[in-house]
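The structure under discussion appears below in the form of structure tokens.
Number of protein chains: 2
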Amino acid sequence: MNTSFDSIVIIFSGGMDSGTLLWDLYTIAPWREIHALTFDYGQRHKREIECAKRFIKECDNVTHKVISLDVLNDVAPSCLTRPSMEVPHGAYDGDNMRTTVVPNRNMVMLSLAISYAIGIGAGNVYYGAHAGDHTIYPDCRPEFVDAMNIVSKLCDWSPVEIIAPYLNYTKGQIAELGVSIGVPYELTHTCYEGSYPPCGKCGSCVERAEAFEYAGVPDPLLRKV
Amino acid sequence: MNTSFDSIVIIFSGGMDSGTLLWDLYTIAPWREIHALTFDYGQRHKREIECAKRFIKECDNVTHKVISLDVLNDVAPSCLTRPSMEVPHGAYDGDNMRTTVVPNRNMVMLSLAISYAIGIGAGNVYYGAHAGDHTIYPDCRPEFVDAMNIVSKLCDWSPVEIIAPYLNYTKGQIAELGVSIGVPYELTHTCYEGSYPPCGKCGSCVERAEAFEYAGVPDPLLRKV
Numbered sequence: 001m002n003t004s005f006d007s008i009v010i011i012f013s014g015g016m017d018s019g020t021l022l023w024d025l026y027t028i029a030p031w032r033e034i035h036a037l038t039f040d041y042g043q044r045h046k047r048e049i050e051c052a053k054r055f056i057k058e059c060d061n062v063t064h065k066v067i068s069l070d071v072l073n074d075v076a077p078s079c080l081t082r083p084s085m086e087v088p089h090g091a092y093d094g095d096n097m098r099t100t101v102v103p104n105r106n107m108v109m110l111s112l113a114i115s116y117a118i119g120i121g122a123g124n125v126y127y128g129a130h131a132g133d134h135t136i137y138p139d140c141r142p143e144f145v146d147a148m149n150i151v152s153k154l155c156d157w158s159p160v161e162i163i164a165p166y167l168n169y170t171k172g173q174i175a176e177l178g179v180s181i182g183v184p185y186e187l188t189h190t191c192y193e194g195s196y197p198p199c200g201k202c203g204s205c206v207e208r209a210e211a212f213e214y215a216g217v218p219d220p221l222l223r224k225v
Numbered sequence: 001m002n003t004s005f006d007s008i009v010i011i012f013s014g015g016m017d018s019g020t021l022l023w024d025l026y027t028i029a030p031w032r033e034i035h036a037l038t039f040d041y042g043q044r045h046k047r048e049i050e051c052a053k054r055f056i057k058e059c060d061n062v063t064h065k066v067i068s069l070d071v072l073n074d075v076a077p078s079c080l081t082r083p084s085m086e087v088p089h090g091a092y093d094g095d096n097m098r099t100t101v102v103p104n105r106n107m108v109m110l111s112l113a114i115s116y117a118i119g120i121g122a123g124n125v126y127y128g129a130h131a132g133d134h135t136i137y138p139d140c141r142p143e144f145v146d147a148m149n150i151v152s153k154l155c156d157w158s159p160v161e162i163i164a165p166y167l168n169y170t171k172g173q174i175a176e177l178g179v180s181i182g183v184p185y186e187l188t189h190t191c192y193e194g195s196y197p198p199c200g201k202c203g204s205c206v207e208r209a210e211a212f213e214y215a216g217v218p219d220p221l222l223r224k225v
């Protein structure tokens, strides 16, 4: 299998960050063959997956695969997947958001995305980790991505590189970029409670509101309500 | 969650190598809480999973979880999972066995085992990679295991170490060790064709036969036929 650097894989949750990344890649390099993977790991914010499907309809020629990952829900406890655990409200910071961590979620998703990339001969896997997540989620930090890239080069004969272009952006900066390139944010989902209209109270909603405030525009998701 | 170093996770396929490792851990340190994970990724040698279940019945107090990993079959092409591709017969070497590689299989399985270990507070994940696989499977090589250990330490707050004690053993040496500690090899499965009695022709059968020849004993699986 020859590696095609025009062919890329992106992990697309249906949220703001990976939505911006997908739109960014789609609009900047329309000649690239984009394969978006959305993982259904039993997250209570299932609406995110429906949003991912609607978002993709706006992107011509982007292949979309929703991958059932019940296994992650099965092996890894988190309030995002276990209805018996409460979603924390308030600040989006390390202590408050600890129960939202799905243990090792990103290594599982990245390793499957790498498998997929090897299978179709794609050279890159993109994912939308950003600086605002570094405190809460160890698997969104630069050193994690660097280490994953080392292991990714060793796991097979085909070189697959993980690229996380927003690794040092805040969510506010992502929103600012996204607004400038016309990301259809009304089609993204953020609320960890899975609510629509968004609950406005969970850490994830709080962080989204701060991002749009930074970008200086109202959140189109709220305009629709 | 506190990490318990008495609690360990092992990836147990139902084959010879991980069977020897499981028996080794089980007999050497019976006070440890052992959690064996078997992944069903649609391998054509399904009998391996049935063997895993029978093998575990011989191990008191070992917890066994069979994890459905259809997703790997879905994303990663290999003759082990796709009936349309033929299993190679003959020598167990790199060129001949190339189509048996499930792209990035071990990173996927290890990352899920790490998730599980974090969830239950176990400190180690054991897996039975060995020297005979180094040429064929990049994700069985020492440098891959070392790199996985770096990323494993970065993915979460709980330290999980991957331990592959047979990394520099040949399959013959594993068989020799296993015979000396009484591994019930008649309950393991090796044939990539999934046949019982084993086909005796696929690379995997050829390698098993060589291992028992090295150990100087007949394969109990063949005695049973």
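Note that the protein sequences, when read in sequence, are chains A and B. Reading the first sequence from the start, the letters are residues 1 to 225 in the working numbering. Reading the second sequence from the start, the letters are residues 1 to 225 in the working numbering. Beta carbons are placed, not taken as given, at the ideal position from N, Cα and C, and that holds for glycine. Note that this is a predicted model, so its numbers are computed, not measured.
Given tyrosine 196 of chain B, which residues of its chain have a CB within under 7 Å of its CB, disregarding the five upstream and five downstream residues?
-> Cβ within range, chain order: Arg47.
For glycine 123 of chain B, count neighbouring C-beta atoms within 10 Å of its own C-beta (all shown protein chains included) and say buried if the count is 16 or more, exposed if not.
-> The residue is buried, with at least 16 neighbouring Cβ atoms inside 10 Å.
Taking Cβ positions, are isoleucine 67 of chain A and aspartate 74 of chain B nearer each other than 8 Å?
-> It is a contact, given that the beta carbons lie within the stated cut-off.
Using the beta-carbon of each residue, which ones in chain B are nearer than 8 Å to glutamate 143 of chain A?
-> Within chain B, the residues near glutamate 143 of chain A are Leu154.
Around the C-beta of alanine 175 of chain A, are 16 or more other C-beta atoms found within 10 angstroms, so that it is buried, or is it exposed?
-> Residue environment: alanine 175 of chain A is assigned as buried (16 or more neighbouring CB atoms within 10 Å of its CB, all protein chains considered).
Any Cβ of chain A within less than 8 Å of the Cβ of glycine 119 of chain B?
-> Yes, glycine 119 of chain B lies at the interface with chain A (some Cβ there is under 8 Å from its Cβ).
Inspect the beta-carbon positions of proline 220 of chain A and leucine 21 of chain A and report whether they are closer than 8 Å.
-> The criterion of a C-beta distance shorter than 8 Å is not satisfied by proline 220 of chain A and leucine 21 of chain A.
To the nearest angstrom, report how far apart threonine 135 of chain B and glutamate 161 of chain B are at their CA atoms.
-> When rounded, the distance between both Cα atoms is 24 Å.
CA-to-CA distance, valine 179 of chain A to valine 71 of chain A, given in whole angstroms = Cα-Cα distance, rounded: 36 Å.
Grab me the residues of alanine 215 of chain A's own chain with a C-beta within less than 7 Å of its C-beta, minus the 5 sequence neighbours each way, in chain order.
-> Within the same chain, Cβ atoms closer than 7 Å to the Cβ of alanine 215 of chain A are found at Gly172, Ala175, Glu176 and Val179, the five residues on either side in sequence being excluded.
Could you give the distance in angstroms between the alpha-carbon of glycine 90 of chain A and the alpha-carbon of alanine 52 of chain A?
-> If you take the alpha carbons of glycine 90 of chain A and alanine 52 of chain A, they lie about 26 Å apart.
Around the Cβ of aspartate 6 of chain B, are there at least 16 other Cβ atoms within 10 angstroms (buried) or fewer (exposed)?
-> Under this definition aspartate 6 of chain B is an exposed residue.
Among the residues of its own chain, which have a CB less than 6 Å from the CB of glutamate 193 of chain A, if the five just before and after it don't count?
-> Closer than 6 Å at Cβ, skipping near neighbours: Val87, Cys199 and Cys202.
Comparing the C-beta of aspartate 95 of chain B with each C-beta of chain A, is any distance below 8 Å?
-> Taking 8 Å as the CB threshold, aspartate 95 of chain B stays off the interface with chain A.
Is there a Cβ from chain A that is less than 8 Å from the Cβ of asparagine 104 of chain B?
-> Interface with chain A (8 Å Cβ-Cβ cutoff): asparagine 104 of chain B is included.
Three-state secondary structure (DSSP) at glutamate 161 of chain B?
-> In this structure, glutamate 161 of chain B counts as strand in the three-state DSSP scheme.
The segment 43–71 of chain B: which residues have C-beta closer than 7 Å to a C-beta of chain A, in chain order?
-> Against chain A - using a Cβ distance shorter than 7 Å - the residues of the segment 43–71 of chain B are Ile67, Ser68, Leu69 and Val71.
Sort out for me which residues DSSP pairs leucine 37 of chain B with in a bridge.
-> Residue pairing by DSSP places leucine 37 of chain B opposite B:Ile11 and B:Lys65 in a beta bridge.
Proximal chain A residues relative to proline 159 of chain B, where beta-carbon distance stays under 7 Å | Those do not exist, as proline 159 of chain B stays about 11 Å from chain A at its closest Cβ, beyond 7 Å.
Check each candidate in A:Glu207, A:Leu167 and A:Lys65 and name the one with the smallest Cα separation from alanine 131 of chain A.
-> Cα-wise, what sits closest to alanine 131 of chain A is A:Leu167.
Chain B beta carbons: is any one of them nearer than 8 Å to that of serine 7 of chain A?
-> No, because no Cβ of chain B sits closer than 8 Å to the Cβ of serine 7 of chain A.
Specify, as a first and last residue, the run of the beta strand (DSSP E) that tyrosine 126 of chain B falls within.
-> Under the DSSP assignment, tyrosine 126 of chain B falls in the beta strand (DSSP E) whose first and last residues are 122–126.
Rounded separation between aspartate 146 of chain A and methionine 148 of chain B - CA only | Taking the straight line joining both Cα atoms gives about 12 Å.
Going by CA-CA distance only, name the one from A:Gln43, A:Ser13 and A:Glu50 that's closest to histidine 35 of chain A.
-> It is A:Ser13 whose Cα lies nearest to the Cα of histidine 35 of chain A.
Hey, is aspartate 139 of chain B's beta-carbon within less than 8 Å of any beta-carbon in chain A?
-> Taking Cβ atoms only, chain A reaches closer than 8 Å to aspartate 139 of chain B, which makes this a yes.
What residues of chain A sit near isoleucine 136 of chain B, judged by a beta carbon separation below 7 Å?
-> Near isoleucine 136 of chain B there are no residues of chain A at all, since even the closest Cβ is about 11 Å away, more than 7 Å.
Nearest-angstrom beta carbon gap, serine 18 of chain B and tyrosine 127 of chain B [assumed within contact, 8 Å] = Tyrosine 127 of chain B to serine 18 of chain B, Cβ: 7 Å. Contact.
Any chain A beta carbon closer than 8 Å to leucine 167 of chain B = Contact with chain A is absent for leucine 167 of chain B, since none of that chain's Cβ atoms lies less than 8 Å from the residue's Cβ.
Report buried or exposed for alanine 76 of chain A, applying the criterion of at least 16 other Cβ atoms within 10 angstroms of its Cβ.
-> A residue is called buried once 16 or more other Cβ atoms fall within 10 Å of its Cβ, and alanine 76 of chain A is buried on that count.
Going by DSSP, name the residue or residues bridged to histidine 89 of chain B.
-> Looking at the DSSP output, histidine 89 of chain B bridges to B:Cys202.
Leaving out five residues before and five after isoleucine 118 of chain A in sequence, what residues of the same chain have Cβ atoms less than 7 Å from its Cβ?
-> The beta carbon of isoleucine 118 of chain A sits closer than 7 Å to those of Asp156, Ser158 and Val160, all from its chain and outside the five residues before and after it, given in chain order.
Can you tell which of A:Ile8, A:Asp24, A:Glu143 and A:Met109 has its C-alpha closest to the C-alpha of isoleucine 181 of chain A?
-> For isoleucine 181 of chain A, the closest alpha carbon among the candidates A:Ile8, A:Asp24, A:Glu143 and A:Met109 is that of A:Asp24.
Could you tell me whether any Cβ in chain B is nearer than 8 Å to the Cβ of methionine 85 of chain A?
-> Not flagged as an interface residue toward chain B: methionine 85 of chain A, since no C-beta distance is shorter than 8 Å.
Between tyrosine 185 of chain A and chain B, is there a C-beta pair that is closer than 8 Å?
-> Closer than 8 Å: no.
Determine the direct distance from the alpha carbon of arginine 44 of chain B to that of serine 204 of chain A, and round the result to whole angstroms.
-> Those two C-alpha atoms are separated by around 43 Å.
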